[in-house]
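In full-length UniProt numbering, the protein residues as written are 1 to 874.
Think of the CB as a built atom: it goes at the ideal place given N, C-alpha and C, for glycine as much as any other residue.
Being a predicted model, the structure only gives us computed values, none of them experimental.
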Amino acid sequence: MTKYNPTDLEQKWYAYWLAHNYFHSTPDERTPYTIVIPPPNVTGVLHMGHMLNNTIQDVLIRRARLKGFNACWVPGTDHASIATEAKVVAKLKEQGIKKSDLTREEFLVHAWEWTHQYGGVILEQLKKLGCSCDWQRTKFTMDEELSASVIKVFVDLYNKGQIYRGHRMVNWDPEAKTTLSDEEVIYEERQGFLYHLKYQIEGTNEYLVIATTRPETIFGDTAICINPNDERWQHLKGKKAIVPICNRVIPIIEDEYVDVEFGTGCLKVTPAHDPNDKVLGDKHQLEVIDIFNDDATLNSYGLHYAGKDRFVVRKEIVAELEEKDLLAKKETYTNKVGTSERTKAVIEPRLSDQWFLKMDTLIQPAIKAVLEDESIKLHPKKFENTYRHWVENVRDWNISRQLWWGQQIPAYYYGEGKNQFVVAETKAEALVLAKEKSGNTHLTEADLRQDEDALDTWFSSWLWPMSVFNGILEPNNPEIEYYYPTNDLVTGPDILFFWVTRMIVAGFEYKGARPFSNVYLTGLVRDKQRRKMSKSLGNSPDALKLIADYGADGVRVGLLLSSAAGNDLLFDEALCQQGKGFGNKLWNAFQLVKGWQVDTVDQPAASKLALQWFDAKFNAVLTEVEDHFEKYRISDALMAIYKLAWDDFCAWLLEMVKPEYGKPMDKATYEGVVAAFENLLKLLHPFMPFLTEEIWQSLAPRTPEQALIVATYPTVQPYDEKLLAEFDFAAEVIAGIRTVRKEKNIPFKTPLSLSVLNKEQVSNRFDAVITKMGGLEAIAEVSAAIEGAMSFRVKANEYFIPMGGAVNVEEELKKLQEELTYTQGFLASVRKKLSNEKFVNSAPAQVVDIERKKEADALAKIATIEKAIDTLSK
Numbered sequence: 001m002t003k004y005n006p007t008d009l010e011q012k013w014y015a016y017w018l019a020h021n022y023f024h025s026t027p028d029e030r031t032p033y034t035i036v037i038p039p040p041n042v043t044g045v046l047h048m049g050h051m052l053n054n055t056i057q058d059v060l061i062r063r064a065r066l067k068g069f070n071a072c073w074v075p076g077t078d079h080a081s082i083a084t085e086a087k088v089v090a091k092l093k094e095q096g097i098k099k100s101d102l103t104r105e106e107f108l109v110h111a112w113e114w115t116h117q118y119g120g121v122i123l124e125q126l127k128k129l130g131c132s133c134d135w136q137r138t139k140f141t142m143d144e145e146l147s148a149s150v151i152k153v154f155v156d157l158y159n160k161g162q163i164y165r166g167h168r169m170v171n172w173d174p175e176a177k178t179t180l181s182d183e184e185v186i187y188e189e190r191q192g193f194l195y196h197l198k199y200q201i202e203g204t205n206e207y208l209v210i211a212t213t214r215p216e217t218i219f220g221d222t223a224i225c226i227n228p229n230d231e232r233w234q235h236l237k238g239k240k241a242i243v244p245i246c247n248r249v250i251p252i253i254e255d256e257y258v259d260v261e262f263g264t265g266c267l268k269v270t271p272a273h274d275p276n277d278k279v280l281g282d283k284h285q286l287e288v289i290d291i292f293n294d295d296a297t298l299n300s301y302g303l304h305y306a307g308k309d310r311f312v313v314r315k316e317i318v319a320e321l322e323e324k325d326l327l328a329k330k331e332t333y334t335n336k337v338g339t340s341e342r343t344k345a346v347i348e349p350r351l352s353d354q355w356f357l358k359m360d361t362l363i364q365p366a367i368k369a370v371l372e373d374e375s376i377k378l379h380p381k382k383f384e385n386t387y388r389h390w391v392e393n394v395r396d397w398n399i400s401r402q403l404w405w406g407q408q409i410p411a412y413y414y415g416e417g418k419n420q421f422v423v424a425e426t427k428a429e430a431l432v433l434a435k436e437k438s439g440n441t442h443l444t445e446a447d448l449r450q451d452e453d454a455l456d457t458w459f460s461s462w463l464w465p466m467s468v469f470n471g472i473l474e475p476n477n478p479e480i481e482y483y484y485p486t487n488d489l490v491t492g493p494d495i496l497f498f499w500v501t502r503m504i505v506a507g508f509e510y511k512g513a514r515p516f517s518n519v520y521l522t523g524l525v526r527d528k529q530r531r532k533m534s535k536s537l538g539n540s541p542d543a544l545k546l547i548a549d550y551g552a553d554g555v556r557v558g559l560l561l562s563s564a565a566g567n568d569l570l571f572d573e574a575l576c577q578q579g580k581g582f583g584n585k586l587w588n589a590f591q592l593v594k595g596w597q598v599d600t601v602d603q604p605a606a607s608k609l610a611l612q613w614f615d616a617k618f619n620a621v622l623t624e625v626e627d628h629f630e631k632y633r634i635s636d637a638l639m640a641i642y643k644l645a646w647d648d649f650c651a652w653l654l655e656m657v658k659p660e661y662g663k664p665m666d667k668a669t670y671e672g673v674v675a676a677f678e679n680l681l682k683l684l685h686p687f688m689p690f691l692t693e694e695i696w697q698s699l700a701p702r703t704p705e706q707a708l709i710v711a712t713y714p715t716v717q718p719y720d721e722k723l724l725a726e727f728d729f730a731a732e733v734i735a736g737i738r739t740v741r742k743e744k745n746i747p748f749k750t751p752l753s754l755s756v757l758n759k760e761q762v763s764n765r766f767d768a769v770i771t772k773m774g775g776l777e778a779i780a781e782v783s784a785a786i787e788g789a790m791s792f793r794v795k796a797n798e799y800f801i802p803m804g805g806a807v808n809v810e811e812e813l814k815k816l817q818e819e820l821t822y823t824q825g826f827l828a829s830v831r832k833k834l835s836n837e838k839f840v841n842s843a844p845a846q847v848v849d850i851e852r853k854k855e856a857d858a859l860a861k862i863a864t865i866e867k868a869i870d871t872l873s874k
């Protein structure tokens, strides 16, 4: 293959890697290096966030494999209760089927069909990206083994008194028709209205005005509350008010909870639909009236609004209140509205019987591990503040969901009472417990009714680092003992509490050890306008099309060059083009090396020195790269390798050793260049696996055991820092020579001589390289400046290039005369402006100063040109 075609390489080498089982890991005598994938939703497709996250994981796993670790990257997917159930319900709706018309078992048949049809899509797409997961270990959170692990943990925590059932105010998602944990509610600032409603005081013509953002909830009002210290409302103590429209009489109660500064200083109390109102209601023993159905339409308490959506009712009830002169005023108002993290629906606070996990004691080891002994490190460290806020303010976790897709809660009811249930892993075990608890020995399994709810998806994925190795069902099996704790977790900061913290909690509870050592938190992928990428905005590119257009290696490099840990990536397709361009550069370098003819000739001094220099440079950069990886600065590591390849290898080394046209290269130099190229490929392989494997396999015949994917990663060797400093100096000298050639239009084939006034006492070690790269015939030291020669400086050293026959004097004089004439004309125009008194007196001083600087620069340039003309004319 002479032309670089990423698509051909990707198909070829991924098939090769799979065929030789390089991704698979089994316990052995080596040190393990383990990563568990953050399981994407089973319904998901590859997007830019997945691309970034999984590229980083693949870099880490491939590097560990090269370093001799037993690298194990466990892939899998999450059943995503809410998202998947919503998709299945939508699909059934298209077929004219309602979920409510199906039994749980019938619905689950459809859910599994959906999962089997779409569940593997994203994992197949990750293969296109080059991800070297151990596909033989692929897990799904609804796999039989993993589901059994979840049930076992639920029963264990219940028996420990950590799980309880309670009637509490919860977050209700009316679109998904399920509760959510507090962490799954996103609060957004939204502009709405503050409605001032008039409540008539019973038995009088007086009205009390109360401000609310939700007039539709008046049907659930069971009291009005005033502050006992508010002098404005002392006369209302002990009285009653009439709720507008529904005309229900409610008491006026007193409580210091009421903010006298907000609205009118009076509060309508709706215990069923506001957490704070519920606290007031309990304290004052108020009636609780739930006015909503599970889809947030009003129920029969809503009278003539029954069956209508809450937001429709809001508009209509405001119109009715205005018509009945019960709306005092309406004003714009901005407040925070809770929305569902999954469906984006506005959350409805609702009283409900739910299952909760106590977190106050369970969280303690997770606090210690990250914030005290730092046995788990967050990268970047700044996220410790976010972590601290969450763990120190943790609330009990609502773990039940009103869904059918997911692990069904293993609670079995044997009677109608709220507490007439038992918790067990199987129905048979539940029957034994139910007989004991009830004293009814005649109970049968048919008398038991399992709780309808499913467990929160996160209650499954918090076990992921253990359950993928069957560490819950068989706590001491060889695999969990070998692979756990895992090493690095790569994920987004948006699930630092949802998933990361909870995995730490579960790890200490069930293995007595941290689940991982390091958490690398990526930033969000945003567009050039800093907007988060989303389907709704249409700003998220097709991930697979990017791979098709730029190659997987190009996309990986493009993503990583601009994605420091924890910082958002401003994605631009030009980044992928840059990555592809880098691939082309490497491919062309390979073509150049492969094209050299090798013979038994002597090794030039310049080539020998060039290889010594590159070896030192390689080890210096490798030292830097290792430090970057140690600190999880993966973007910086790539940039260091990128510069080593582009600048040092391609631009310098290959040019320094390249033989003259038509002449062969000596064997020692060729072998040295190939060895240097191979080491470079090893550093690049984790980032650009396909191209590097192709070049590696093409540089020399290889057996499967010698493939790059399982090669040995370079280790840092001692290197000569003085050699590097001398090269850097020589590079500046070469740049100076090339500048002279460019300015004087002297072709490279025209030899020049170089004289140096060596004030820096620089060694002549690189003279052979300077001679070759500068196109010189000789380098000599002088004790004084050479008159009439072109000169340049490098630090204190002065370099002189006598023009002699290198320059066509007649052409150069003509060019200098043209430049002199132009500069004199420019000077005349500037002086004309400065001689204009009106301009000098009226223009800003800064503008006048600029013109005077132009005059001074022009005069200096004229003097230089005239001196050059004088020198050439002698």
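Inset, instruction - Could you check what DSSP says for E777 in three-state terms: helix, strand or coil? - result: strand
Legend entry - Sufficient close CB pairs (3 or more, under 8 angstroms) joining the segment 578-585 to the segment 76-95: no
Legend entry - Q354 in three-state terms, based on DSSP: Looking at Q354 - three-state DSSP - the assignment turns out to be strand.
Legend entry - Cα-Cα separation, T750 to L827: 36 angstroms
Legend entry - Whole-angstrom C-beta distance between D294 and residue 878, which should lie under 8 angstroms: A question about residue 878 goes unanswered here, because the residues of the chain that appear run from 1 up to 874.
Legend entry - One or two residues paired with E790 in a DSSP bridge: Sequence inspection shows Met at residue 790; the Glu mentioned does not correspond to that position. BP columns for M790 point to I801.
Legend entry - Stretch-stretch touch, CB-based, cutoff 8 angstroms, three pairs: the segment 784-793 with the segment 832-850: no
Legend entry - Residue(s) in a DSSP beta bridge with Y33: A71
Inset, instruction - Would you list the one or two residues that DSSP bridges to C576? - result: Per DSSP, none; premise fails for C576.
Legend entry - Helix, strand or coil at W17 according to DSSP, with G and I counted as helix: helix
Legend entry - For A543, the three-state DSSP class (helix, strand or coil): helix
Inset, instruction - Pull up the distance between the alpha-carbon of Y799 and that of I786, whole angstroms please. - result: 9 angstroms
Inset, instruction - Assess, as a yes-or-no matter, whether the segment 617-633 is touched by the segment 691-706 under the definition of 3 or more beta carbon pairs within less than 8 angstroms. - result: no
Legend entry - Residue environment, I850, which counts as buried when at least 16 other CB atoms sit within 10 Å: exposed
Legend entry - For D488, the first and last residue of its enclosing beta strand (DSSP E): D488 to T491
Legend entry - Cα-Cα separation, A223 to P39: 48 angstroms
Inset, instruction - Return the CA-CA distance between T43 and V88, expressed in angstroms with no decimal places. - result: 10 angstroms
Inset, instruction - Classify V289 as helix, strand or coil using the three-state DSSP reduction. - result: Correcting the residue type first, residue 289 is Ile in the shown sequence and not Val. DSSP places I289 in coil when its eight states are reduced to three.
Inset, instruction - Report the partner residues of I163 according to the DSSP bridge assignment. - result: L357
Inset, instruction - Could you please give me the residues that DSSP links to M665 through a beta bridge? - result: V598
Inset, instruction - Select from E855, Y118, F516 and L699 the residue whose C-alpha is nearest the C-alpha of W462. - result: F516
Inset, instruction - Pull up the distance between the alpha-carbon of I37 and that of I472, whole angstroms please. - result: 18 angstroms
Inset, instruction - List the endpoints of the continuous beta strand (DSSP E) containing G338. - result: L327 to S340
Inset, instruction - Report yes if the CB atom of Q407 is closer than 9 angstroms to the CB atom of L455, and no otherwise. - result: yes
Legend entry - Local conformation of E189 per DSSP, three classes: strand
Legend entry - Residues near Y510 in its chain [Cβ-Cβ closer than 8 angstroms; skip 5 each side]: Result list for Y510: V153, L463, M466, G471, I472 and P475, in chain order.
Inset, instruction - Name the residue from Y719, L757, F649 and W13 whose alpha carbon lies nearest to the alpha carbon of V733. - result: L757
Legend entry - Segment limits, alpha helix (DSSP H) that includes E105: R104 to Y118
Legend entry - Simplified DSSP state of M503, which is helix, strand or coil: helix
Legend entry - Member of E624, M773, G265 and W613 whose CA lies at the smallest distance from the CA of V716: E624
Legend entry - Of the listed residues P747, T501 and E425, nearest to N159 (C-alpha basis): E425
Inset, instruction - Return the first residue and the last residue of the alpha helix (DSSP H) that N53 is part of. - result: M48 to L66
Legend entry - CA-to-CA distance, E818 to A863, given in whole angstroms: 14 angstroms
Inset, instruction - Would you kindly work out how many angstroms separate the C-alpha atoms of A606 and D728, rounded to a whole number? - result: 15 angstroms
Legend entry - DSSP three-state assignment for H235, whether helix, strand or coil: helix
Legend entry - Check whether P75 and E479 have beta carbons under 9 angstroms apart: no
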